[in-house]
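Undergrad: Attaching a single structure in structure tokens format; questions to follow.
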Amino acid sequence: MEPFRVLTVVGNPRAGSRTSAVADEVARQVVALLGGPEGAEPDSVELGTLGGELFDRSSARVAELVGRVSSASVVVVASPVFKATYTALLKAFLEWFDRTSLRGVVVAPVMVGAAAHHALAVETYLRPLLVELGGVLPTRGLYVLEDQLDDLGPTVARWVAESGDAIRRTVLRGSSS
Numbered sequence: 277m278e279p280f281r282v283l284t285v286v287g288n289p290r291a292g293s294r295t296s297a298v299a300d301e302v303a304r305q306v307v308a309l310l311g312g313p314e315g316a317e318p319d320s321v322e323l324g325t326l327g328g329e330l331f332d333r334s335s336a337r338v339a340e341l342v343g344r345v346s347s348a349s350v351v352v353v354a355s356p357v358f359k360a361t362y363t364a365l366l367k368a369f370l371e372w373f374d375r376t377s378l379r380g381v382v383v384a385p386v387m388v389g390a391a392a393h394h395a396l397a398v399e400t401y402l403r404p405l406l407v408e409l410g411g412v413l414p415t416r417g418l419y420v421l422e423d424q425l426d427d428l429g430p431t432v433a434r435w436v437a438e439s440g441d442a443i444r445r446t447v448l449r450g451s452s453s
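FYI, the numbering for the sequence shown is 277 to 453, going by this note's numbering.
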């Protein structure tokens with residue numbers, strides 16, 4: 277079986293944010309779910325480090341990141357809730373992708389917000405965009421409330437317990453074709 281690669285894309289304007297911590301925890305637990313090496317650190321794309329390059333269509337660095345995301349086995353796409361949806365930074369990065377860029381890539385949409393009434397933003401706004409790019413989304417997305425951040429491991433573990441079988445089956449089916 278071909279080795280799998282798990283990668284995070286973090287749409288928070290600030291690198292090293294709480295959104296990054298959530299994305300990293302989801303990625304670590306997905307790596308463990310898939311039988312990856314203990315302590316493996318998934319690859320990460322922090323969009324907050326790219327600035328104006330996202331709007332420069334000649335940027336080799338952004339083009340390389342798009343290639344890394346497109347060739348991953350699993351991508352955790354994370355954004356804080358911003359104006360009731362995902363950040364413009366994330367949207368600017370995803371504008372680099374075409375309708376088939378994520379074909380065959382298992383995508384886990386994740387959002388972090390302060391209020392429970394924004395919980396459907398992950399399904400209503402982020403999921404359709406990722407599907408439009410060809411992503412395979414075998415489970416519901418994860419919405420993490422800010423007051424759950426201090427107990428992040430168990431919060432993510434509950435989501436993995438609910439979603440893990442579908443993620444595992446989808447990734448393993450894709451790696452055997």
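For glycine and all other residues, C-beta sits at the position ideal for the given N, C-alpha and C.
Would you kindly check if the distance between the Cβ of L413 and the Cβ of V383 is under 9 Å?
TA: yes
Undergrad: Suppose you measure from the CA of V420 to the CA of S334; what does that come to, to the nearest Å?
TA: 35 Å
Undergrad: What is the DSSP secondary structure of F358, counted as helix, strand or coil?
TA: strand
Undergrad: Which word fits S453, buried or exposed, when buried means at least 16 other C-beta atoms lie within 10 angstroms of its C-beta?
TA: Residue confidence is low: S453 scores 49 on pLDDT, short of 50, so the model does not pin down where it sits. No coordinate-derived value is stated.
Undergrad: For the alpha helix (DSSP H) containing V286, list its first residue and its last residue.
TA: No alpha helix (DSSP H) holds V286; the beta strand (DSSP E) holding it covers V282 to V286.
Undergrad: Between the alpha carbons of R294 and V342, how many angstroms are there, rounded?
TA: Whole-angstrom Cα-Cα distance: 23 Å.
Undergrad: Looking at L323 and N288, is the spacing between their C-beta atoms short of 9 Å?
TA: yes
Undergrad: Less than 9 Å separating the beta-carbons of V352 and V436?
TA: no
Undergrad: Assuming contact is defined by CB atoms lying nearer than 9 Å, are Y362 and A397 in contact in what I supplied?
TA: yes
Undergrad: For E301 and V432, which I take to be in contact (beta-carbon distance under 8 Å), what is that distance rounded to the nearest angstrom?
TA: Here E301 really is in contact with V432; their C-beta atoms are around 5 Å apart, less than 8 Å.
Undergrad: Between which two residues does the alpha helix (DSSP H) carrying L366 extend?
TA: A364 to L370
Undergrad: For the beta strand (DSSP E) containing S320, list its first residue and its last residue.
TA: D319 to E322
Undergrad: Between G410 and L378, how many whole angstroms is the CB-CB distance? I'm expecting something under 8 Å.
TA: 4 Å
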